[in-house]
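> In the working numbering, the protein residues as written are 51 to 177. We put the CB at the ideal spot given by N, CA and C, even for glycine.
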Amino acid sequence: MTERLRDVLAAEGGLVAAALGPGGGADDGPLHVAAVREGQRLHAGDPRVVTGAEPDLALLAGDRLYALGLERLAAAGDLDGIAALAEVISHCAQAQVDADPARAEAAWARLARRADGAMARQNEPPG
């Protein structure tokens with residue numbers, strides 16, 4: 051879904067679209083998860099999709115991508131998915147404050163292992 055995320059951001063236009071890097075990245079799962087994952091990577095300074103953003107834009111783009119992922123789950127009425135991704139966002143933010151990238155990766159790994167988690171959803175929420 052990384053390519054789908056790139057397509058969505060390109061269609062929105064604006065500064066984030068202008069900062070898109072080349073395609074061909076690894077798949078990060080459903081679009082809502084890929085959006086939140088890229089948002090976290092932007093905040094951590096290690097993006098894979100929005101690679102041409104200056105630091106201030108990267109923070110704003112990361113926030114936008116968090117909102118995009120959560121918005122798609124909200125449109126589908128998936129409160130459990132929202133809670134799961136919000137928990138990951140929280141753990142990743144604390145990991146960044148503590149300069150502990152392994153902790154952020156562990157949060158994503160826990161999400162991926164959850165059979166009922168947002169990563170497990172193969173059907174795209176509308177939007």
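(1) Count the other C-beta atoms from every protein chain shown that fall within 10 angstroms of the C-beta of G74, then say buried if there are 16 or more, exposed otherwise.
(2) Quick one: is G127 buried, meaning 16 or more other Cβ sit within 10 Å of its Cβ, or exposed?
(3) For A94, which residues in the same chain have their Cβ closer than 8 Å to its Cβ, ignoring the five residues on either side in sequence?
(4) Decide yes or no for the touch test of the segment 96-110 against the segment 66-73: beta carbon pairs closer than 8 Å, at least 3 of them.
(5) Buried or exposed: where does G64 fall if 16 or more other Cβ atoms within 10 Å of its Cβ makes it buried?
Let's see:
(1) exposed
(2) exposed
(3) C142, Q146, P151 and A154
(4) yes
(5) When all chains shown are included, G64 counts as exposed.
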